[in-house]
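Enquirer: Each residue of the sequence shown is one higher than the one before, starting from 1440 at the first, in the numbering used here.
The beta-carbon is built from N, C-alpha and C at its ideal position, and this holds for glycine as well.
Given the structure is predicted, the values throughout are model-derived calculations rather than measurements.
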Amino acid sequence: MAEKLMHAVVCDGYKGGAAALKHVKVPVPAPKKGEVLLKLEATSLNPVDWKIQKGDLRLLCHANSPTYQEINIAYLYFSFLALRLSGIRCEVLIDLIVGRGRRVRGAKRKGAAVGQVPKQESEEILIYERGTDVAGEVVGVGPGVKNLKLGDKVVAMLTHATGGGLAEFATSQESLTVKRPLEVSAADGAGLHVAGLTAHQALTKSAGIKLDGSGQPKNILVTAASGGVGHYAVQLAKLGNAHVTATCGSRNIDLVKSLGADEVLDYKTTEGAALKSPSGRKYDAVSTVQQLTFSKKHLVPLLLIPKGENIEYLVGLLKEGKLKTVVDSKHPLSKAEEAWAKSMDGHATGKIIVEP
Ligand SMILES: NC(=O)c1ccc[n+]([C@@H]2O[C@H](COP(=O)([O-])OP(=O)(O)OC[C@H]3O[C@@H](n4cnc5c(N)ncnc54)[C@H](OP(=O)(O)O)[C@@H]3O)[C@@H](O)[C@H]2O)c1
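(1) Would you kindly report the start and end of the unbroken beta strand (DSSP E) that includes residue 1571?
(2) In angstroms, rounded to a whole number, what distance separates the CA positions of residue 1457 and residue 1697?
(3) Using only the alpha-carbon positions, how far apart do residue 1659 and residue 1672 sit?
(4) Taking DSSP as the reference, what is the three-state secondary structure of residue 1651?
(5) Under the rule that 16 or more other beta-carbon atoms within 10 Å means buried, what is residue 1589, buried or exposed?
(6) How is residue 1415 classed by DSSP in three states: helix, strand or coil?
(7) For residue 1750 versus residue 1577, is the C-beta distance shorter than 9 angstroms?
(8) Using CA atoms only, rank isn't needed, just tell me which of 1452, 1455, 1444 and 1791 is closest to residue 1625.
(9) Over the uninterrupted beta strand (DSSP E) stretch that includes residue 1610, give me the two end residues.
(10) Give me, in chain order, the residues of the same chain whose beta-carbon lies closer than 7 angstroms to that of residue 1619; leave out the 5 immediate sequence neighbours on both sides.
(11) Just list the residues that DSSP pairs residue 1596 with in beta bridges.
(12) Is the Cβ of residue 1586 closer than 9 angstroms to any Cβ of chain C?
(13) For a test of your reading of the model: does the CB of residue 1637 fall under 8 angstroms from any non-hydrogen atom of ligand 1? Yes or no.
(14) Quick one: does the C-beta of residue 1763 sit closer than 8 angstroms to a heavy atom of ligand 1?
(15) What are the uninterrupted segments assigned as alpha helix (DSSP H) that are 4 or more residues long and contained completely in the segment 1737 to 1775, given in chain order?
(16) DSSP three-state call for residue 1490: helix, strand or coil?
(17) Return the chain-ordered list of same chain residues with a C-beta closer than 7 angstroms to the C-beta of residue 1657, the five sequence neighbours on each side being excluded.
(18) Report all residues from its chain with a CB closer than 8 angstroms to the CB of residue 1585; omit the five preceding and five following residues, and keep chain order.
(19) With residue 1478 as the anchor, note down where its beta strand (DSSP E) starts and where it stops.
(20) Quick check on DSSP: helix, strand or coil for residue 1618?
(21) Looking only at its chain, what residues have a beta carbon closer than 8 angstroms to the beta carbon of residue 1654, apart from the 5 residues adjacent to it on each side?
(22) Does the beta-carbon of residue 1706, which I'm using as the reference point, lie nearer than 8 angstroms to any heavy atom of ligand 1?
(23) What is the rounded straight-line gap between the Cα of residue 1771 and the Cα of residue 1602?
(24) Name, in chain order, the residues that DSSP records as bridge partners for residue 1796.
Next comes the structure, spelled out in structure tokens:
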């Protein structure tokens, strides 16, 4: 029987930006053990998507040799050790780890440009897919899946290793797929994963903030508070009873205040560039535009470790109206290049959404 094909948007090299994205017809993936097949309703983009295409994560990646994994592990181990001993700041650590990513997906898949009639023996093209943060409906269930069934509305985080959110269908692991209540729209839910989980992990694990507000009040600086990570960080920090100083461009000051920031600096002013709290507070934790990092001298690598329970927690906050996703813009899959270019531009207010 002929494979069912779907529309997907893929990268086929480390260059070219939005103009180099390709619209292809590829087979609808089949869910493997522990996976579900989703008919996608929304996918949000993150800077990491185009950073991978730009080649920022390339050195770790190109390795197709069988020993690659061991080299990678050894490399990471010694990086951690050397940096811990030398006291180098964690931004450098992140660059070393993430900035040398492996080729994320180099598998050959059969494909033909959208509009072309796909042939049985169509040319094999080398592609990799991006887009990890998705919302959709379960339309297929792989072996071993226990808690999800056909028809469930969900949000899911696909792995960075496979991507696949810029498509009509994608498979996701059950462990990172969470049911989406009616109150949570597909776009709002799809915004959550990389950005929301990063903010959550940084605030709870690195800064030690208890989001139920039961901990000691802390002073937090959130830069780029109008961006994907920053807008969630401000809201979560306020849930944790923190005093939030935020930076953003002048056009977003009112928005960031409405998210709960106690004081907001325009990053293009001298005061904003100095990142000084107008009320003279000393920060216990700092979230920068490049990556979240925290003071107190100890090294805290910010490498997102996604967990289903944390996605569930954030979805719950959306449902209860305690957290909101600010949507910058929505773009149809047929115009995914526009969304990609907007993300690369670096001036999104909240999350950029692509809809099949
Ligand atoms: N290590 C990790 O696991 C991890 C995870 C997630 C994100 N990140 C990184 O964190 C960074 C932020 O991600 P994001 O998704 O939040 O990006 P984003 O949504 O693209 O950020 C865009 C926003 O940042 C604002 N902005 C840009 N430069 C600024 C500055 N100097 N001061 C204050 N605001 C500024 C822009 O405001 P204007 O339009 O007014 O300029 C815009 O609203 C990216 O570099 C991303 O790769 C790392």
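Expert: On the basis of the supplied data:
(1) Taken as a continuous stretch (DSSP letters only), residue 1571 belongs to no beta strand (DSSP E), as it is neither H nor E.
(2) 32 angstroms
(3) 10 angstroms
(4) coil
(5) Exposed, since its Cβ has fewer than 16 Cβ neighbours within 10 Å.
(6) Residue 1415 is absent from the model: the chain starts at 1440 and stops at 1795.
(7) no
(8) Closest option to residue 1625, Cα to Cα, is 1791.
(9) 1608 to 1612 is the span of the beta strand (DSSP E), which, as asked, contains residue 1610.
(10) So the qualifying residues of the chain are 1574, 1592, 1593, 1594, 1628 and 1754.
(11) 1572
(12) Looking at the structure shown, chain C is missing, and only one protein chain is on hand.
(13) yes
(14) no
(15) 1747 to 1759
(16) Reduced to three states, the DSSP call for residue 1490 is helix.
(17) 1646, 1648, 1681, 1723 and 1724
(18) Setting aside the 5 residues that flank it on each side, residue 1585 is surrounded in the same chain by 1613, each with a C-beta closer than 8 angstroms to its C-beta; the list follows chain order.
(19) Looking at the DSSP string, the run of the beta strand (DSSP E) that includes residue 1478 is 1474 to 1483.
(20) strand
(21) 1647, 1648, 1679 and 1680
(22) yes
(23) 18 angstroms
(24) The structure shown has nothing for residue 1796, since the chain only spans 1440 to 1795.
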